[in-house]
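J.: Okay, so the sequence shown: first residue is 1220 according to my numbering, each after it adds one.
Here it is, the structure in full.
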Amino acid sequence: MKVFISWSGDLSKCLAEVLRQWLPAVIQAVKPYYSPDDITKGARWTTEIAKELEEASLGIICLTQDNLEGPLDYV
């Protein structure tokens, strides 16, 4: 099962990193997508993210006090 992990900002990014490592250890069928690790260098990131979102069975949005009301910096 593909899981898309969305984040924005430093704290949210740290949370997303932890989830990316933790999820497969708990549920072996999970294949998380975390953009800093999974986007190939030089790839068109908007196209790649759109493809991964379309293929994902589930999405996790990492919200923190820092990004709850701020603009979306990164997906």
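Glycine residues also receive a C-beta, built at the ideal position from the N, C-alpha and C atoms.
What is the rounded straight-line gap between the Cα of Val1294 and the Cα of Ser1254?
T.: Walking along the sequence shown from the start, residue 1294 turns up at place 75. Walking along the sequence shown from the start, residue 1254 turns up at place 35. Interpretation of Val1294 is limited by its pLDDT of 48, a score under 50 that renders its predicted location unreliable; no figure is taken from the coordinates.
J.: Does DSSP put Ile1280 in a helix, in a strand, or in coil?
T.: One-based indexing of the sequence shown puts residue 1280 at position 61. Three-state result, Ile1280: strand.
J.: Expressed to the nearest angstrom, what Euclidean distance is found between the alpha-carbon atoms of Ile1246 and Gly1261?
T.: By one-based count along the sequence shown, residue 1246 stands at place 27. By one-based count along the sequence shown, residue 1261 stands at place 42. Approximately 31 Å, taken between the alpha carbons.
J.: Measuring alpha carbon to alpha carbon, tell me which residue in Leu1230, Leu1234, Ala1269, Asp1229 is nearest Ile1279.
T.: By 1-based counting over the sequence shown, the position of residue 1279 is 60. Minimum Cα distance to Ile1279 is reached at Leu1234.
J.: Taking the alpha carbon of Leu1238 as the point to measure from, which residue in Gly1228, Pro1251, Lys1270 has its own alpha carbon closest?
T.: Within the sequence shown, the letter at position 19 stands for residue 1238. Minimum Cα distance to Leu1238 is reached at Pro1251.
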